[in-house]
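Okay, structure first, notes after.
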Amino acid sequence: VFARLSLVLFLAVIHAAAAAPLNEELKAAYRKATRATKLRYLDGIYSIRAPEFELLDLEGKRVNLQTEKNRQRVHLATAVSAEESATLVSAQRLSPTTARSIVDYRAQYRLLDGVSPKPVLRVIEARCADEWVRRDNEWLLTRTRVLSQRARSEKRQ
Amino acid sequence: VRKAGRFSKAVVVLWFGAGVVAGLVGGLMLSRLLRGHRPAVDNPTIVATVNGENLPMSDFLGQLKLTAGARTLRALIEHHLIAQQARQKGIRLSEQEEKALADLLDGGPADAERRVAADRTFRSQVLLRRLLLENVDEAQVREVYDLYAKQLRLYETFVIVLNTSAELPDVLGNLEEGSSFPDMAKTYSTVSSKQNGGRLGLLTLSQIEERFGAPTRLAVAGLRKGNQVLPTFDGPQGVTVVKIGEIRSSYAQLRREAEDVLVRSKTPEFFYNLLSAAQISSPLIDKPIQVIDPLPATEPRVESPTN
Numbered sequence: 002v003f004a005r006l007s008l009v010l011f012l013a014v015i016h017a018a019a020a021a022p023l024n025e026e027l028k029a030a031y032r033k034a035t036r037a038t039k040l041r042y043l044d045g046i047y048s049i050r051a052p053e054f055e056l057l058d059l060e061g062k063r064v065n066l067q068t069e070k071n072r073q074r075v076h077l078a079t080a081v082s083a084e085e086s087a088t089l090v091s092a093q094r095l096s097p098t099t100a101r102s103i104v105d106y107r108a109q110y111r112l113l114d115g116v117s118p119k120p121v122l123r124v125i126e127a128r129c130a131d132e133w134v135r136r137d138n139e140w141l142l143t144r145t146r147v148l149s150q151r152a153r154s155e156k157r158q
Numbered sequence: 046v047r048k049a050g051r052f053s054k055a056v057v058v059l060w061f062g063a064g065v066v067a068g069l070v071g072g073l074m075l076s077r078l079l080r081g082h083r084p085a086v087d088n089p090t091i092v093a094t095v096n097g098e099n100l101p102m103s104d105f106l107g108q109l110k111l112t113a114g115a116r117t118l119r120a121l122i123e124h125h126l127i128a129q130q131a132r133q134k135g136i137r138l139s140e141q142e143e144k145a146l147a148d149l150l151d152g153g154p155a156d157a158e159r160r161v162a163a164d165r166t167f168r169s170q171v172l173l174r175r176l177l178l179e180n181v182d183e184a185q186v187r188e189v190y191d192l193y194a195k196q197l198r199l200y201e202t203f204v205i206v207l208n209t210s211a212e213l214p215d216v217l218g219n220l221e222e223g224s225s226f227p228d229m230a231k232t233y234s235t236v237s238s239k240q241n242g243g244r245l246g247l248l249t250l251s252q253i254e255e256r257f258g259a260p261t262r263l264a265v266a267g268l269r270k271g272n273q274v275l276p277t278f279d280g281p282q283g284v285t286v287v288k289i290g291e292i293r294s295s296y297a298q299l300r301r302e303a304e305d306v307l308v309r310s311k312t313p314e315f316f317y318n319l320l321s322a323a324q325i326s327s328p329l330i331d332k333p334i335q336v337i338d339p340l341p342a343t344e345p346r347v348e349s350p351t352n
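If you're matching them up, the sequences are chains X and V in order.
Residue 67 in the working numbering sits at position 66 of the first sequence; the count goes up by one each step and never skips.
Residue 67 in the working numbering sits at position 22 of the second sequence; the count goes up by one each step and never skips.
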């Protein structure tokens with residue numbers, strides 16, 4: 002029993018040791034993208050996407066990336082301020098060069114509607130399932146699927 | 046005799062008068078010919094003449110107000126607010142920037158109004174940048190570079206566009222034999238960049254993708270060194286040959302681009318705060334002024350002596 006317990010413990014430690022760098026590396030990738038939102042830097046937001054990246058909406062339909070990019074460009078350009086955070090819920094290495102993760106995003110935009118001089122605070126929260134590939138020493142997103150999403154507007158400030 | 050003398054005197058006066066009138070008319074016609082029929086330059090009430098009919102300046106101003114009045118006025122107000130802020134903070138153009146502005150105006154518009162506008166626009170851009178970077182330290186600029194060095198990287202891009210692939214073997218053959226890309230562009234290219242030897246300027250990877258598509262972006266991203274001709278492809282304007290010249294990737298070379306990211310990120314809130322606090326009234330503005338449009342993200346880098 003002791004030998005089995007030792008083996009299980011040993012495997013658990015090995016697994017945790019392998020997962021720790023992955024978690025940190027994926028967190029760093031998310032930080033790169035969310036920092037870019039605050040900077041309103043579209044190229045930075047897309048810097049963690051692989052060329053073959055695809056985005057699937059809540060229903061699993063593929064989103065047109067050019068449309069999404071244009072919408073995001075307008076959003077970032079017209080917001081008085083933009084903030085975004087990403088909380089890594091789980092991460093799993095599938096092979097030395099692939100991984101998947103679940104992440105919670107929270108984006109806050111102060112937006113002007115063209116009617117009132119005071120901006121509205123728009124909060125968008127989403128949980129996404131991400132798939133990653135490791136290429137040229139960095140993790141890149143190959144697919145994001147939106148699992149849940151909600152948006153709300155708060156009082157003018 | 047007296048009568049004849051008086052008669053000949055009158056004839057002389059008449060001829061003299063006719064000569065003066067003919068001279069004036071001829072001079073006027075000659076001057077119009079030399080100026081290329083541009084009465085508007087001299088007459089501020091006329092903006093153009095069309096088949097001999099004058100277009101009044103008031104018509105022009107009305108049309109301008111209708112189509113771009115609010116937007117232009119907003120830009121003017123923003124220029125004014127920037128100038129006020131800069132004055133308050135004692136921020137002004139450096140000697141080098143003043144010289145760059147003088148050089149710009151030397152090659153700029155000839156009429157006084159447009160020169161004043163060009164002067165104001167240049168000053169605003171420089172002062173806005175200075176105001177927004179006022180509290181930015183080196184570590185913040187460095188952080189942007191470290192995070193996005195690949196995205197900020199600049200590629201000097203040249204292009205030759207051909208109507209058909211018939212001339213392609215000649216172009217590629219000449220390039221292989223050592224002909225210069227600019228010379229080939231001047232000879233064969235069908236787009237306006239041929240005047241600059243095909244040079245489009247310094248582009249980022251995303252700008253290259255926007256102009257030439259994702260495969261070209263991938264090809265450029267894979268380059269380990271510059272001065273290389275990429276595989277030919279069918280572009281929207283025709284058969285396209287792209288050459289990447291210099292690649293700028295060091296912090297020293299891209300420091301300004303990293304600063305630009307910070308400037309763009311701060312611009313909307315800066316204007317929102319300025320416009321919210323300012324008291325502005327105008328018949329051309331019937332709703333609250335929105336934040337400024339950000340600096341265009343897709344334009345190639347502008348190379349100026351102040352870079």
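The beta-carbon is built from N, C-alpha and C at its ideal position, and this holds for glycine as well.
Within the stretch 295 to 323 of chain V, those residues whose Cβ lies closer than 8 Å to any Cβ of chain X are, in chain order, Val306, Leu307, Arg309, Ser310, Pro313, Glu314, Tyr317 and Ser321. Using a Cβ distance threshold of 8 Å, V:Ser310 and X:Leu113 do not count as a contacting pair.
Within the stretch 77 to 88 of chain X, the residues whose Cβ lies closer than 7 Å to some Cβ of chain V are Ala78, Thr79, Ala80, Val81 and Ser82, listed in chain order. In the DSSP assignment, V:Leu100 is bridged to V:Ala93. Burial state of X:Thr145 is buried, judged by a 10 Å Cβ sphere holding 16 or more other Cβ atoms.
With a beta-carbon spacing of about 5 Å, V:Leu275 and V:Val287 fall inside the 8 Å limit used to define contacts. Not flagged as an interface residue toward chain V: X:Tyr110, since no C-beta distance is shorter than 8 Å. Between the stretch 95 to 114 of chain X and the stretch 132 to 149 of chain X, the count of C-beta pairs closer than 8 Å reaches three or more; the two stretches touch. The stretch 306 to 324 of chain V and the stretch 93 to 102 of chain V do not touch, with fewer than three beta-carbon pairs separated by less than 8 Å. Three or more Cβ pairs drawn from the stretch 127 to 135 of chain V and the stretch 170 to 186 of chain V lie within less than 8 Å of each other, which places the two stretches in contact. At least 8 Å separates the CB of X:Ser102 from every CB of chain V. Among the residues facing chain X, V:Thr261 is not included, as its CB has no counterpart in that chain under 8 Å away. The straight-line gap separating the alpha-carbon atoms of X:Tyr42 and V:Glu188 is approximately 14 Å. Chain V has a Cβ within less than 8 Å of the Cβ of X:Leu40.
DSSP, read as helix, strand or coil, puts V:Tyr296 in helix. For V:Tyr190, the enclosing alpha helix (DSSP H) has its first and last residue at Glu183 to Leu197. Think of a sphere of 9 Å around the beta carbon of X:Ser48: the chain V residues whose beta carbon falls inside it are Leu192, Tyr193, Lys195 and Gln196, in chain order. Taking 8 Å as the threshold, the shortest C-beta distance from V:Thr249 to chain X falls below it. Two segments are said to touch when three or more pairs of C-beta atoms, one from each, lie closer than 8 Å; by this definition the stretch 191 to 204 of chain V touches the stretch 248 to 262 of chain V. Each residue's CA atom was taken as its position, placing X:Leu89 and V:Pro227 some 51 Å apart. At a cut-off of 3 residues, the continuous stretches assigned as beta strand (DSSP E) that sit fully inside the stretch 79 to 121 of chain X are 80 to 96 and 99 to 112.
Chain V places no beta carbon closer than 8 Å to that of X:Lys156, leaving this residue out of the contacts. If only uninterrupted beta strand (DSSP E) runs of at least 3 residues are considered, those enclosed by the stretch 214 to 258 of chain V are 244 to 248. X:Arg111 is classed as buried because its beta carbon has at least 16 other beta carbons within 10 Å across all chains shown. Beta bridge pairing from DSSP links V:Glu201 with V:Leu247. The C-beta of X:Lys28 comes no closer than 8 Å to any C-beta of chain V.
At the C-beta level, V:Leu192 and X:Lys33 come within 8 Å of one another.
At least one CB atom of chain V sits nearer than 8 Å to the CB of X:Asp44. By the rule that beta-carbons nearer than 8 Å mark a contact, X:Lys62 does not touch chain V.
Between X:Gln109 and X:Ala127, the C-beta spacing is not below 8 Å. Contact between V:Tyr190 and V:Leu207 is absent: CB atoms are separated by about 38 Å, not below the 8 Å threshold. One Cα belongs to V:Ala297, the other to V:Val308, and the distance between them is close to 18 Å. The distance from the Cβ of X:Ala80 to that of X:Thr35 is about 15 Å, inconsistent with a contact at the 8 Å cut-off.
For X:Glu55 and X:Arg107, the gap between their C-alpha atoms comes out near 20 Å. A direct Cα-to-Cα measurement between V:Glu222 and V:Ser237 gives close to 25 Å.
For the stretch 129 to 150 of chain X, there are no residues whose beta carbon sits under 8 Å from a beta carbon of chain V.
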